[in-house]
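Under the numbering used here, the first residue of the sequence shown carries the number 6, and numbering increases by one thereafter.
Note that CB positions come from ideal geometry on N, CA and C, so glycine has one too.
On a predicted model such as this, the values are computed, not experimentally measured, just so you know.
Below is one structure, written out as structure tokens; the observations come after it.
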Amino acid sequence: MSLKDLYPIDTPDHHDVMNRFATRFDWRFDDGRQSLLGLYEKGKRKQWNAVERIDWSLELDPENPQQLPPQVLPINDAPCFLKLSPARQIEVRRNHQAWTNSQFLHGEQGALLCAAKIVQSVPDLDSKFYAATQVMDEARHVEAYKNLMHKFGIAWPMSKPLQSLLDQVLEDERWDMTYLGMQVVIEGLALAAFAWCAIRHKTRWPSR
6 MSLKDLYPID TPDHHDVMNR FATRFDWRFD DGRQSLLGLY EKGKRKQWNA VERIDWSLEL
66 DPENPQQLPP QVLPINDAPC FLKLSPARQI EVRRNHQAWT NSQFLHGEQG ALLCAAKIVQ
126 SVPDLDSKFY AATQVMDEAR HVEAYKNLMH KFGIAWPMSK PLQSLLDQVL EDERWDMTYL
186 GMQVVIEGLA LAAFAWCAIR HKTRWPSR
């Protein structure tokens with residue numbers, strides 16, 4: 006089943022980002038920098054399989070798929086939310102978790118496209134090798150989040166701000182700006198979101 010079938014709102018099948026950048030062949034085939042080649046070797050040795058590493062047969066709680074405390078929801082104490090029936094509150098929490106993880110999924114696909122672009126345009130062969138391991142890593146992230154959203158039973162399209170950010174990163178002709186946008190901005194936002202959830206969870210539930 007297509008993940009698009011789980012979107013509660015009408016969404017196009019795809020989104021195109023038009024760009025122009027040089028694809029670079031490196032005819033030197035030199036030994037390269039050991040620091041980058043070392044990362045490339047580690048990437049080859051430490052491959053993991055998203056299908057085998059995670060037990061996808063486990064069922065999620067339909068009311069709280071991630072088992073998060075109520076306080077993680079930003080509007081948890083808002084009067085408008087408190088007026089809702091318990092069933093509607095559960096629906097809002099479930100959709101909030103689904104929306105958040107959907108944005109992680111879309112961000113990972115954006116990082117996948119960025120890494121693939123860097124392989125094409127970065128000038129040095131050792132950098133291409135290292136970027137290629139990132140392509141595979143981001144592909145696994147997309148695969149894992151896609152499977153997770155199927156377990157949720159609901160998913161959301163990419164938000165307009167995230168789409169705008171990814172468009173700008175991918176449209177830039179400079180490979181180093183794409184790399185900067187991928188590592189600092191896109192991945193940074195994801196880490197910040199994870200940290201925010203972890204801090205709120207630890208603050209409200211210190212014994213867990």
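If you reduce the DSSP assignment to three classes, tell me which class residue 16 lands in. Locating residue 16 in the sequence shown gives position 11, counting from the first residue. The answer is coil: DSSP assigns residue 16 none of H, G, I, E or B.
If you reduce the DSSP assignment to three classes, tell me which class residue 138 lands in. As a position in the sequence shown, residue 138 is number 133, starting the count at 1. It is helical.
Just verifying my parser: in three-state terms, what is the DSSP assignment at residue 159? For the purposes of this step, residue 159 is identified with residue 154 of the sequence shown, where counting begins at 1. In the structure shown, residue 159 falls within a coil segment according to DSSP collapsed to helix, strand and coil.
Residue 44 vs residue 184 beta-carbon contact at 8 angstroms: The residue you call residue 44 lines up with position 39 of the sequence shown. The residue you call residue 184 lines up with position 179 of the sequence shown. No, Cβ-Cβ distance for residue 44 and residue 184 is not below 8 angstroms.
Could you check how far apart the C-beta atoms of residue 116 and residue 143 are, in whole angstroms? I think they sit under 8 angstroms. Mapped onto the sequence shown, residue 116 falls at position 111. Mapped onto the sequence shown, residue 143 falls at position 138. The pair is a contact, with the Cβ atoms about 5 angstroms apart (cut-off 8 angstroms).
Thinking C-beta only, is residue 86 closer than 8 angstroms to residue 97? Sequence index remark: in the sequence shown, residue 97 carries index 92 (1-based). Sequence index remark: in the sequence shown, residue 86 carries index 81 (1-based). With respect to the 8 angstroms criterion, residue 97 and residue 86 are classified as neighbours on the basis of their beta carbons.
Express the C-alpha separation of residue 187 and residue 91 in angstroms, rounding to a whole number. Locating residue 91 in the sequence shown gives position 86, counting from the first residue. Locating residue 187 in the sequence shown gives position 182, counting from the first residue. Their Cα atoms are separated by approximately 40 angstroms.
Inspect the CB distances between the segment 46-54 and the segment 140-158 and report whether three or more fall short of 8 angstroms. In short, these stretches touch, since the Cβ pair count reaches three.
Which whole-angstrom value is the C-beta distance of residue 123 and residue 180, which I expect to be below 8 angstroms? Locating residue 123 in the sequence shown gives position 118, counting from the first residue. Locating residue 180 in the sequence shown gives position 175, counting from the first residue. Indeed, because the Cβ distance is near 5 angstroms, the residues count as touching under 8 angstroms.
By Cβ distance below 7 angstroms, which residues in the same chain neighbour residue 161 in space, the five residues on each side in sequence not counted? If you number the sequence shown from 1, residue 161 lands on position 156. Answer for residue 161: 12, 103, 104, 107, listed in chain order.
Continuous alpha helix (DSSP H) stretch holding residue 94: start and end: For the purposes of this step, residue 94 is taken as the residue at position 89 of the sequence shown. In the DSSP assignment, residue 94 falls within the unbroken alpha helix (DSSP H) covering 91-126.
Note down, in chain order, each residue of its chain lying with its Cβ closer than 8 angstroms to the Cβ of residue 40, except the 5 sequence neighbours on either side. Along the sequence shown, one-based indexing puts residue 40 at 35. Excluding sequence neighbours, residue 40 sits near nothing in its chain.
Between residue 118 and residue 80, what straight-line distance do the alpha-carbon atoms span, to the nearest angstrom? To locate residue 118, count along the sequence shown from 1; it is residue 113. To locate residue 80, count along the sequence shown from 1; it is residue 75. CA-to-CA, the gap between residue 118 and residue 80 works out to about 34 angstroms.
When you compare each of 155, 99, 192, 189 to residue 62 by their alpha carbons, which one comes out closest? In the sequence shown, counting from the first residue as 1, residue 62 sits at position 57. Each of 155, 99, 192, 189 was checked against the Cα of residue 62, and the nearest Cα belongs to 155.
Output the distance between the C-alpha atoms of residue 182 and residue 89, rounded to the nearest integer angstrom. As a position in the sequence shown, residue 182 is number 177, starting the count at 1. As a position in the sequence shown, residue 89 is number 84, starting the count at 1. So the two alpha carbons sit approximately 46 angstroms from each other.
Go ahead and pull the three-state DSSP assignment for residue 152. Reading the sequence shown from its first residue, position 147 is the one you call residue 152. Look at residue 152 here: in three-state DSSP terms it is helix.
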